[in-house]
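All remarks here apply to the structure that follows.
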Amino acid sequence: MKRTIITTLLVLAPVTSFAAEAVVPEKAALCTACHGEAGAKPIAPTYPVLAGQYGDYLAQALHEYKAGTRKNAVMGAQAAMLSDDEIKALADYFSLQDGPLYTPSVGDAAAK
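Note that our numbering has the sequence shown beginning at 56, numbered continuously upward.
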């Protein structure tokens with residue numbers, strides 16, 4: 056029984072990850088409307104750069120907008136439509152984009 060459960064989890068884990076990743080381009084397009092291509096060039100100076108920002112920070116900010124503890128009407132409405140998996144996927148996506156905040160790590164350099 057344990058073997059069946061473990062096998063099932065191992066088989067389904069990549070599917071869950073893929074499902075979250077597949078959502079990123081569609082959801083990221085909503086973000087880039089204001090934050091610019093890849094989140095690197097916002098359309099207004101008061102909008103933050105997302106590209107290269109820490110993923111944990113981006114996820115925390117989105118969760119706070121969603122909960123209403125961080126106030127911004129536009130961001131609150133956008134975050135309200137996101138699941139926890141989508142928030143994580145978007146935060147991971149934007150944290151890896153080249154931009155003024157992005158600093159490649161040793162692991163990133165080795166992967167290229």
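Note that CB positions come from ideal geometry on N, CA and C, so glycine has one too. Here the structure is a predicted model, which means the values were calculated and not measured.
For residue i, the nearest candidate out of the options (CA to CA)
i: residue 115; options: 93, 92, 83 and 144; result: 144
i: residue 81; options: 153, 141 and 104; result: 141
i: residue 108; options: 129, 99, 134 and 95; result: 95
i: residue 147; options: 91, 112, 102 and 89; result: 112
Cβ distance (whole Å) where residue i is taken to contact residue j below 8 angstroms
i: residue 121; j: residue 137; result: 7 angstroms
i: residue 104; j: residue 151; result: Contact flag wrong, Cβ pair sits at about 14 angstroms.
i: residue 102; j: residue 118; result: Contact flag wrong, Cβ pair sits at about 19 angstroms.
i: residue 84; j: residue 149; result: Residue 84 to residue 149, Cβ: 12 angstroms. No contact.
i: residue 93; j: residue 131; result: That belief does not hold up - the Cβ atoms of residue 93 and residue 131 are roughly 23 angstroms apart, past 8 angstroms.
Terminal residues of the alpha helix (DSSP H) in which residue i lies
i: residue 140; result: 139 to 150
i: residue 130; result: 128 to 135
Backbone secondary structure at residue i - three-state DSSP
i: residue 113; result: helix
i: residue 121; result: helix
i: residue 154; result: coil
i: residue 105; result: coil
i: residue 97; result: coil
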